[in-house]
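This note's numbering runs 28 ahead of the 1-based position in the sequence shown.
Yeah, the Cβ is synthetic: ideal placement off N, Cα and C, and Gly gets one too.
Working notes, structure below.
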Amino acid sequence: MADPTFNPSADVRPLDASKTWVLLWSQQQGMLHIETLAEMLAKNAKCFRNAIACQYIPLVIGSEDMVERTAESIRPIVAQRFDAASSGNPHALPYAALP
29 MADPTFNPSA
39 DVRPLDASKT
49 WVLLWSQQQG
59 MLHIETLAEM
69 LAKNAKCFRN
79 AIACQYIPLV
89 IGSEDMVERT
99 AESIRPIVAQ
109 RFDAASSGNP
119 HALPYAALP
């Protein structure tokens, strides 16, 4: 059941979530994603309100530069896992060929 009253980001602002960045990872998609903490919290609150699962999990929270550097450092692991998981699919693109 949806709860339209749940909106924690409207009530609590311990830091500037629009200037704090998050590195997220999806096991299902085998992908990394970077967005602001404010964006992530809004999406998570929407998932909660609509009682649906959130696919991405946060790995790192910090400055945009730090999050980008962390993503670059783990991208080879993500690529290796993605390509291994896709190896049986003749239509799958390799990680390096994805946009």
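State the Cα-Cα distance for the pair residue i and residue j, rounded to the nearest angstrom.
i	j	result
Ala-107	Asn-78	32 Å
Pro-127	Ile-80	27 Å
Leu-69	Ala-113	29 Å
Gly-58	Ile-105	10 Å
Met-21	Gly-116	No answer is possible for residue 21: the residues shown for the chain start at 29 and end at 127.
Ile-62	Glu-96	8 Å
Tyr-84	Gln-56	9 Å
Ser-101	Trp-53	14 Å
Ala-124	Ala-99	15 Å
Ala-120	Leu-43	41 Å
Beta-carbon within less than 7 Å of residue i's beta-carbon, same chain only, minus the 5 sequence neighbours each way: which residues are those?
i	result
Glu-92	Trp-49
Lys-74	none
State yes or no: is the C-beta of residue i within less than 8 Å of the C-beta of residue j?
i	j	result
Arg-26	Leu-60	What the structure shows of the chain is the stretch from 29 to 127, and residue 26 is not part of that stretch, so it cannot be assessed.
Pro-118	Asp-111	no
Sorted by chain position, which residues of the same chain lie with C-beta nearer than 8 Å to residue i's C-beta, five sequence neighbours on each side aside?
i	result
Ala-45	Ser-37, Thr-64, Leu-65, Ala-66, Leu-69
Given residue i, which residues of its chain have a CB within under 6 Å of its CB, disregarding the five upstream and five downstream residues?
i	result
Asn-72	Cys-82
query: For the region 42-49 against the region 85-93, are there 3 or more C-beta pairs whose distance is under 8 Å?
result: Judged by Cβ distances under 8 Å, the region 42-49 makes contact with the region 85-93, as three or more pairs qualify.
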